[in-house]
Each structure stands twice: as structure tokens, then as C-alpha cells.
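Here this note's numbering is used: the first residue of the sequence shown is 267, the next is one more, and so on. Before any comments, here is the structure.
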Amino acid sequence: MTAYFDYAATTPVRPEAVEAAVQAMTQGWGNPSARHELGSRAAADLSAWRGQIARGLGCAPEELYFTSCGTEGDNWAIYGAVEAGKRVGKHIITTAYEHDAVLQPCKELERRGYEVTYLKPNRDGEISLDDLEAALRPDTVLVSMMLVNNELGTVLPVRQAVDIVRRSGSRALFHCDAVQGFLKIPFTPAELGVDLLSISGHKIQAPKGIGALYIRKGLKFPPLIRGGGQENGMRSGTEPTAQIAAFAAAVEAGAREMEAATAHMARMKERTLDRLTQAVPGLKQVGTGTAPHILAVTMPGYKSEVVVRFLSDRGVCVSSGSACHKGKASHVYAALNLPKKELDGVLRISFSPRTREEEVDALAQALAQAGAQLFTSLS
Ligand code: PLP
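This is the structure:
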């Protein structure tokens, strides 16, 4: 492979995390619930890893509950919030361009009689706080707003949104899907003022199969899985210690390097937009997303699937949207109401601290070839 630009889909596991996982599997492999020496050691390790991740996120260790992924955290937050607030009402507010991990539970709740308001982004990809204020009702039980949109790189005004909800006297819980924001933009759950916040390991160079849900201290919230009482009775099941060890190592290293890493990614993003607009006439950014690691562009008139395959054949990996869509049109770009020619030609390019200038140049070169060799549609 010459160049990888799909880090928003997933990232390679960093060496510190691999080492921590191997250590947990080969030496500290006890069951943290067991009462003997090996078990106590595993329990002590688990507590240390939880502390490391909580420090990286900026919360108390007892506010952090391990999940298997971001999707699980989002589902738990949404179903749990409507259960916790069942006396408040049956109205939910979210945005039209959340990840499916939020949208699909909302759709399911609609089938169960809930009403959901989907706040629409404008053409720049921004969500209006006035729309949020207007949508709030006395029976609003949950507001779910992501921190960084995974296909546009838009940073959403979560802090201000929380302020509006609280000032209105609403009893709604506030959930934030921070899967794409964690270690990419600075925040803590307390600074945002949210009740619930989900993160995922594989977006930050930890393995797949691990994530966490932050549940604000003092919030009465229902458990996800009942059983042996792990995770303070909130999510039973023997803890995946190897994944948690790796997650902790990735968070610690990622938090330490965050400033330099995000500055590097922002430089790569700027260079990419610059090179690509020179290489392909008509290419332009979609939205005005300012997150350092995600850039959406469109080549109006071209079909993004065809371009993605053309680039892939030349060793360059980009995405035509979120990997979860698997070829289906992206609801995120559709929500922007772009002209069809622009909508069909959208590419998502995403960066990591490992992204090199030569990769950016390889992408620009391959995309210039695509521009010259592929036919544009007449529609
Ligand atoms: N939320 C956002 C914004 C995402 O980008 C993703 C993954 O692409 C998820 C949730 C789902 O996370 P996971 O893949 O860990 O289930």
C-alpha cells in the first residue's frame, strides 16, 4: 500500500497497546473477580487501567464503564436514558447526521411510540443552536449530539447545546457520541456538561472490541447487562482485560502526544486540500469541518465509488463515506442537500499522526489521474 487515508474508519494498534495486551494475556491473565492471588493482581491491573483511561478522558474512574465498542456505548446511552426518564416523556432530539449507532436506536424508539426531532445541518455542515432551542419540549427525555461528525469533521457546539438544554429547565439527559472527538479535540465530559458520553478504542490506535461509556457521577442509570456484577453491576461479563490494557496504553500515549499529533494532522489536512484543489479542477471541500483528522471533498460529476476503486487499484485508500454504509448512499452528505453532482462525488479523507507528506502527494497524483481518466456523468 502506498497511502492510507481511512483512519476515521479504523486505526492500526500502536506498539505500546500491543505490548500491554500481550502482557495481560500471558502474565496478568487472571479473572479480576477471582479471590486468589492471580485474580487480585488482575483486579489491581484493571483498576490501574481504568484510572489511566479516566485520566486521559478527564473523568473519575468510577464514571467509566467498559463496553465492547462505540456502538454499544451509544445504544446503552440512548435506551438507558429513555428508561431512566420514562416519566419525563417520549420526545428525543438528535441530529440528522449522527452515526447509525445513534440513529438506528432512535428509529427503533420511533417504532415504539417515541417522537424524534432530527436537527438538520446547513450546507456547511453546521447545526443551529436556535433549532435545538426551538425543538425542546417539556416531554423531551434525551438530547443526543455528537462531538465530531465522522464524515465531515464538523465540531459540534456541544457545550453551548448543553447550556441551552439546562437553561430551559428541561429534565432531558444529554448524551454525546465522542467517538471521533476523543484525543482529536480537547474536552472533558465535565467541561461539556454532558450526562453520558461514548468513546471507542479502535479509533485511537487501540484494538477493536473495546470502548467505554462515561456516566456522570450521581446519575441513576440502568444497567446494560445483568449477571455477575462486573462494572459495578452495570455491565456484567468477565472483563476483556487484554483489550482494556491495550486501550489504557493507547489512551495514555495518545493523551501525551495529542498536541503534537493534532497539529501534525491539521497540517496534513491543509496540505491535502491545497494539493487536491490544484490537482483536480472543480474539487472542493464539503462542509467547513475543522477537526484535524477528517476532510470531506467532492469531485462534482464523478462517482465516488468509481474513484475509490481507481485509487485503491493504485495503492491509495480513501473512503466514499463512513465504512458502515457499505456502498449505501451516505445519510450525512445527503443531509447537506448538496446538488446531486456534488453528492455523488464525495470522498472522505482522514489522517493520523502517521500520515506522511509523500502519502499526500501520492493521493494528489492518483486523484489527478482519476480526474483525467475517468468519465464524468452527464447528469
Ligand atoms: N460513532 C461515530 C461518530 C463513529 O464514527 C463510529 C465508528 O465509525 C461509531 C460511533 C461506532 O463505533 P464502533 O465502530 O466502535 O462501534
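Ideal Cβ placement from N, Cα and C applies to all residues, glycine included.
The beta carbons of G324 and P455 sit about 7 angstroms from each other, so the pair counts as a contact at 8 angstroms.
Boundaries of the alpha helix (DSSP H) harbouring E349: G336 to A350, taken from the DSSP string. Distances from the CA of T538 to each of G459, A634 and S596 were compared; the closest alpha carbon is that of A634. The Cβ-Cβ distance between F513 and I481 does not fall below 8 angstroms. Between L462 and A347 the beta-carbon gap is near 7 angstroms, inside 8 angstroms, which marks them as a contact. In this structure the stretch 285-295 lies against the stretch 492-508, because at least three pairs of beta carbons, one per stretch, are closer than 8 angstroms.
Residues with their Cβ less than 5 angstroms from any non-hydrogen atom of ligand 1, running along the chain, are C335, G336, T337, H365, A367, N416, D443, V445, Q446 and S466. A601 has its alpha-carbon roughly 7 angstroms from the corresponding atom of K386. Around the beta carbon of Q544, fewer than 16 other beta carbons sit within 10 angstroms, so the residue counts as exposed.
The C-alpha of G520 lies about 8 angstroms from the C-alpha of G322. For F440, the uninterrupted beta strand (DSSP E) segment begins and ends at L439 to D443. Y599: member of the alpha helix (DSSP H) spanning H597 to A601, first to last residue. DSSP places E536 in the uninterrupted alpha helix (DSSP H) bounded by T507 to A545. Judged by DSSP in its simplified three-state form, E364 adopts coil rather than helix or strand.
Taking a contact to require three or more Cβ pairs closer than 8 angstroms, the stretch 301-312 and the stretch 444-460 do not qualify as touching. In this structure, DSSP gives A628 a helical state, which the three-state scheme calls helix.
Contact between T268 and G503 does not hold, since their C-beta atoms are separated by about 41 angstroms, which reaches or exceeds 8 angstroms.
Residue pairing by DSSP places G477 opposite T333 and S466 in a beta bridge. Nearest C-alpha to H441 among A274, R389 and I344: I344.
Note: L385 is bridge-paired with T361 in the DSSP secondary-structure output. Within 10 angstroms of the beta-carbon of G637 lie 16 or more other beta-carbons, which makes it buried. Less than 8 angstroms divides the Cβ of T276 from the Cβ of H468. By the Cβ test, the stretch 515-529 is not in contact with the stretch 366-378, since fewer than three Cβ pairs between them sit closer than 8 angstroms. Check the Cα spacing between L485 and each of T554, L395 and V460: the tightest is with V460. If you ignore the 5 residues before and after E623, its C-beta comes within less than 8 angstroms of the C-beta of M534 and R537, all in its own chain and listed in chain order. Between T337 and A367, the C-beta gap is smaller than 8 angstroms, which places the two residues in contact.
Judged by DSSP secondary structure, I319 falls within the alpha helix (DSSP H) whose first and last residues are E303 to L323.
The shortest C-alpha to C-alpha distance from V354 to any of I393, G391, N341 and T406 is the one to T406. Beta-bridge partners assigned by DSSP to D461: none are found.
Shown here, I430 sits in a helix according to DSSP, grouped into three states.
Residue burial annotation: W342 is buried, with at least 16 other C-beta atoms found within 10 angstroms of its C-beta. V428 and A401 have their alpha carbons spaced roughly 14 angstroms apart.
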